[in-house]
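Below you'll find the structure, written out as structure tokens, and then a few comments.
See the structure below:
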């Protein structure tokens, strides 16, 4: 039997302290990409290929063991790709004035959506204070009074034949608030119709006939009143429109100059001006003497009353003013409200006031990440079948359909379809990928890029240095004790130990970070000024001790002869063996007895090719 040397039993790591100095470490994302390129070349190439793939459905599935750094490395690579993409537009939701209760999307350059919302809020606030003053002004009141005088003159003209006839027939017409009262004038005295019975019969017939003629003339004149009233109201609307447009024109032109980059925005602002003119009653409490548009509001006007000024609100759904590149969003605990959006403050809304509900709608991650990348944990998606089915439908159609269900809103409401142009990145384990691939025919059509992160990698000097620099980059933000190069050497040796092969490295950085964090605590507790190799060694021993209760139980069972393991002498068909038990994160050796049983075989020749 060949005798093993010390280096064969334990392989030490030696790092150049100058190579892992903090000033030699790049930024965190750069170190992540370098680590990914060296430790996970297959994943690096697959993800790079997927990001350059220009197909209809080029979504990505990231698979690998938790803790290897798949999320951090994926985010770093997506950020690098996002910097090459155009910054997506801000999206605002506004009313579509062509139809009551309908809304539409407007798109602005990144950062302009917020300024548009602020400008519209100021616009509405100005109108609420300025329009009442405008209509209470002397110029408007003169024009309004002139219209009323013209109406009165036309009404008098319509009744003039009746008054002339009445004078000729000695009939006096007295006008009350709601009617006309006729009196017969005889010898300077006034007689009502009921008083004519006191007169002679010929005189009664004469004035009764006169009453009938005057009443007929009055009724004929009164038939013109509705038409005159409509003319008056139309003239009032024209006056209101003229006065308001004179006030609105400079305000709307200012908004168009600031935000009118697209035809849709210009059309909306023009419609906004027309809608303000048609809904003046929303801006102040109109008194009886002011010119109004109609005495009997239509259904659309009643709906407008219910919605109030919410039809002029602006809902900033997607705001990119703080972004420097296309969005990269990671969500670990996905849900329907988080992904597809939800409504706030909807309890006071009514079934009529759907615009208010829409203006309280909050965008989901699919909208916020549009134009960029969205990373979602597959386990959270699969917890709710409704999430997966809705997500597939949105990705297949490349649009988000909003029929907001009652589970997220007191009153259901509808929003326009939202066009989607994003790359969805699902993260999970290989079992998730292969399970979905086998049970869902559409899965492979959507997720054409498969990225696999390895758990182990060959132990070379270059890989050892890359792993040390990656850990240093991740702890550079920790406000803690300095770390000696020897501590990184011991961590790398520990990573090789976890791989159970001196020629391999275990790539689970989460475990190495945990060991280093515990080493910080151990160093502070023992009054050390830095974290050294001895600190890491002591920390590993402490970890083994903290989780070694089960190993102690097994060992005590042997020493106390509860489990009999013979170590002296020889036995036929019996040998001692060693197994490795893993309980939680603790693995330890356990001796066992292996017994062989021998017995007489069956008669005949045994064909080992067929029967064994």
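Residue numbers (full-length UniProt numbering): 1 to 612. For every residue, glycine included, the Cβ atom is placed at its ideal position computed from N, Cα and C. None of these values were measured; they are calculated from a predicted model.
Item: Boundaries of the alpha helix (DSSP H) in which residue 32 is found, first to last residue; Value: 28-39
Item: Cα-Cα separation, residue 154 to residue 245; Value: 28 Å
Item: Cβ distance (whole Å) where residue 308 is taken to contact residue 339 below 8 Å; Value: Incorrect: roughly 31 Å between the Cβ atoms, too far for contact.
Item: Option in 593, 92, 32 and 417 with minimal Cα separation from residue 80; Value: 32
Item: C-beta contact flag for residue 365 and residue 331 at 8 Å; Value: yes
Item: Cβ neighbours of residue 378 in the same chain (closer than 6 Å, five flanking residues each side left out); Value: 426, 428 and 432
Item: Contact under 8 Å by Cβ, residue 430 with residue 376; Value: no
Item: Local conformation of residue 595 per DSSP, three classes; Value: strand
Item: Runs of beta strand (DSSP E) lying entirely within the segment 524-604, each at least 3 residues, in chain order; Value: 574-583 and 586-595
Item: Euclidean distance between Cα positions of residue 137 and residue 321; Value: 42 Å
Item: Option in 336, 268, 319 and 328 with minimal Cα separation from residue 311; Value: 268
Item: Of the listed residues 28, 13 and 179, nearest to residue 464 (C-alpha basis); Value: 13
Item: Beta-carbon proximity of residue 469 to residue 20, cut-off 8 Å; Value: yes
Item: Helix, strand or coil at residue 66 according to DSSP, with G and I counted as helix; Value: coil
Item: Simplified DSSP state of residue 109, which is helix, strand or coil; Value: coil
Item: Cβ-Cβ distance between residue 623 and residue 341 below 8 Å; Value: Here the chain has residues from 1 to 612 only, and residue 623 is not among them.
Item: Candidates 173, 92, 96 and 73: closest to residue 106 by CA position; Value: 92
Item: Residue 316 (DSSP reduced to helix, strand or coil); Value: strand
Item: Assigned exposure category for residue 600 - 16 Cβ within 10 Å defines buried; Value: exposed
Item: 6 Å CB neighbourhood of residue 265 in its chain, flanking five on each side removed; Value: 106 and 259
Item: Residue range of the alpha helix (DSSP H) that includes residue 245; Value: 225-259
Item: Exposure of residue 471, with buried meaning 16 or more beta-carbon neighbours within 10 Å; Value: buried
Item: Segment contact flag, the segment 510-519 with the segment 559-572, C-beta cutoff 8 Å, min 3 pairs; Value: no
Item: Rounded separation between residue 98 and residue 474 - CA only; Value: 55 Å
Item: Pair within 8 Å by beta-carbon distance, residue 400 and residue 59; Value: no
Item: Beta-carbon gap between residue 101 and residue 343 smaller than 8 Å; Value: no
Item: Which of helix, strand or coil DSSP assigns to residue 138; Value: helix
Item: Per-residue burial, residue 571 [other beta carbons within 10 Å of its own, 16 or more giving buried]; Value: exposed
Item: Proximity of residue 538 and residue 326 at Cβ, strictly below 8 Å; Value: no
Item: Per-residue DSSP class, three states only, for residue 59; Value: strand
Item: Cβ neighbour criterion (16 or more within 10 Å) applied to residue 493; Value: buried
Item: Inter-residue Cα distance where the pair is residue 148 and residue 201; Value: 45 Å
Item: Between the CA atoms of residue 221 and residue 178 - distance to the nearest angstrom; Value: 15 Å
Item: Residue interval of the alpha helix (DSSP H) (run including residue 276); Value: 263-278
Item: CA-to-CA distance, residue 555 to residue 514, given in whole angstroms; Value: 28 Å
Item: Terminal residues of the alpha helix (DSSP H) in which residue 354 lies; Value: 354-359
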